[in-house]
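Numbering (full-length UniProt numbering), first residue to last: 1 to 430.
Note that CB positions come from ideal geometry on N, CA and C, so glycine has one too.
Below is one structure, written out as structure tokens, with a few remarks after it.
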């Protein structure tokens, strides 16, 4: 293949990934507050207005193609995968056989002697058809991967041979790797990054690997069944440690849902609300458990010893797996969907006959709705709930009137984001 042919191939791949990212429906794409009804139309727009994004994607693919694994430097592994302000697709359109594929979600807090080498070895799994995101640091590994079942199992078998996974070799693989329904198309590609924290709380000097390894920390992890029983108590404080857009489409009944936009804001939220949280019995939960590990470790430092702090081991994912096996006579304490950071958006109770109640509503007509779109404003990347009927009536998915009218305040944000910030700063009254 000539250099010219290689360049054309890489450019086609870059444009294809962007088309996937901006797709809203079967024959609809949106970008820069404009809708497009054909791939050619959105393609022309991307080439004309976002050539730098296409070039960055093309350059990244060429770097990986031309660089032997051993020569890929740490700086490359620390770079952003997509342009700042861009993001992965949040809609899935494919015809894959889901029975032959799966998605796994896992993490391990444990010393990784050579994070860079482990990261480089992960790059080879793209050739096996795996997609997803893997984050590696000296404190451990955090990953969510998708692909056919044989490739996923081969990856699991390989990863468990790594020294940093020694304590997990005898654990139930299903509980640890948290398999779910999905295919390789829930992600655009395989992203492997070297990071300081595999889950960015932003306080690495306060929440260390040593603290996460203490027996006291391990004992405060509740199985789904124990967590369910604790939820029935009237004297517990139930705290969602996820972001506001996650808890908006699904949460446990009676949970406190901080209006934070990223996990690194959680410590400040705790600090502001110390007076209300002191001395309480606090139950925490998140998607798969990784955020609760650091959230509970931080709270044990920030709050008094009289405060009893526990977490849901394995997160919402393992709770829903457990709940799916229970008698229908039991009262469900989970409401809505478990938000996931891929094109599927959310997963419900894994029972075919279960009726998944929607806890959120369309921003326009207020009908129960739980599927997100991205705000159509070029200056905004917030997620917004717009139902199919409203979109068919010609409504454009803006998060608020400010974005619809192209308005930004002196703080540089729209009214919707300003309202969220005020809610985040409000104090708890327990």
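Residue range of the beta strand (DSSP E) that includes residue i
i	result
residue 171	Segment: none, residue 171 is in no beta strand (DSSP E) and carries neither H nor E.
residue 334	334-336
residue 232	Note, residue 232: premise wrong, no beta strand (DSSP E); not H, not E.
residue 117	No beta strand (DSSP E) holds residue 117; the alpha helix (DSSP H) holding it covers 115-123.
residue 430	Here residue 430 belongs to no beta strand (DSSP E), and DSSP marks it neither H nor E.
residue 30	28-31
residue 191	190-194
residue 137	131-137
residue 281	281-285
residue 35	34-36
residue 309	308-312
residue 407	First-last for residue 407: undefined, no H or E at that position.
Delimiting residues of the alpha helix (DSSP H) encompassing residue i
i	result
residue 41	39-49
residue 318	315-323
residue 415	415-425
residue 202	Element bounds for residue 202: n/a, residue is neither H nor E.
residue 146	No alpha helix (DSSP H) contains residue 146, which is instead part of the beta strand (DSSP E) from 140-148.
residue 404	401-404
residue 217	215-219
residue 269	266-272
residue 245	244-249
residue 294	290-302
residue 212	209-212
Rounded straight-line distance, which links the Cα of residue j to that of residue i
i	j	result
residue 394	residue 191	36 Å
residue 278	residue 41	57 Å
residue 241	residue 8	45 Å
residue 182	residue 346	11 Å
residue 12	residue 48	15 Å
residue 225	residue 320	11 Å
residue 220	residue 170	21 Å
residue 70	residue 118	Here the model assigns residue 70 a pLDDT of 45, short of 50, so the residue's position is not dependable and the matter cannot be decided.
residue 123	residue 173	23 Å
residue 188	residue 276	43 Å
residue 414	residue 150	46 Å
residue 269	residue 258	8 Å
residue 310	residue 16	45 Å
residue 36	residue 331	45 Å
residue 184	residue 129	7 Å
residue 186	residue 344	6 Å
residue 50	residue 379	14 Å
residue 303	residue 260	20 Å
residue 440	residue 216	The first residue shown for the chain is 1 and the last is 430, placing residue 440 beyond what the model contains.
residue 292	residue 198	13 Å
residue 22	residue 55	17 Å
residue 30	residue 161	44 Å
residue 68	residue 114	Bear in mind that the predicted position of residue 68 carries a pLDDT of just 47, short of 50, making it unreliable; the figure below should be weighed with that in mind. One C-alpha to the other measures close to 18 Å.
residue 337	residue 176	21 Å
residue 202	residue 5	44 Å
8 Å contact criterion, which residue i and residue j should meet: CB distance rounded
i	j	result
residue 116	residue 211	Wrong, their Cβ atoms sit about 25 Å apart, outside the cutoff.
residue 289	residue 315	4 Å
residue 10	residue 58	5 Å
residue 312	residue 222	6 Å
residue 333	residue 253	5 Å
residue 112	residue 32	Between residue 32 and residue 112 the Cβ distance is about 41 Å, and since that is not below 8 Å, they are no contact.
residue 251	residue 335	6 Å
residue 340	residue 287	7 Å
Proximity below 9 Å, CB of residue i to CB of residue j
i	j	result
residue 135	residue 193	yes
residue 283	residue 231	yes
residue 204	residue 263	no
residue 34	residue 27	no
residue 382	residue 417	yes
residue 120	residue 318	no
residue 308	residue 274	no
residue 476	residue 3	Absent from the model: residue 476. The displayed extent of the chain is 1 to 430, so no value can be given.
residue 384	residue 375	yes
residue 214	residue 267	no
residue 406	residue 426	no
residue 424	residue 265	yes
residue 196	residue 255	no
Cβ-heavy atom distance, residue i to the ligand PLP, below 8 Å
i	result
residue 264	This structure does not include the ligand PLP; it has no bound ligands of any sort.
(message) Tell me whether the segment 229-240 and the segment 313-326 touch, counting them as touching only if at least three CB pairs, one residue from each stretch, are closer than 8 Å.
(response) no
(message) Three or more C-beta pairs under 8 Å: does that hold for the segment 95-110 against the segment 127-142?
(response) yes
(message) Could you check whether the segment 91-105 touches the segment 356-365, counting it as contact only if at least three pairs of C-beta atoms, one from each stretch, sit closer than 8 Å?
(response) no
(request) Tell me, please, whether the segment 395-412 touches the segment 244-253 by the rule of three or more beta-carbon pairs shorter than 8 Å. (result) no
(request) Assess, as a yes-or-no matter, whether the segment 150-169 is touched by the segment 90-98 under the definition of 3 or more beta carbon pairs within less than 8 Å. (result) no
(message) Can you confirm whether the segment 381-391 touches the segment 360-372 when touching is taken to mean that 3 or more C-beta pairs between the two stretches lie within less than 8 Å?
(response) yes
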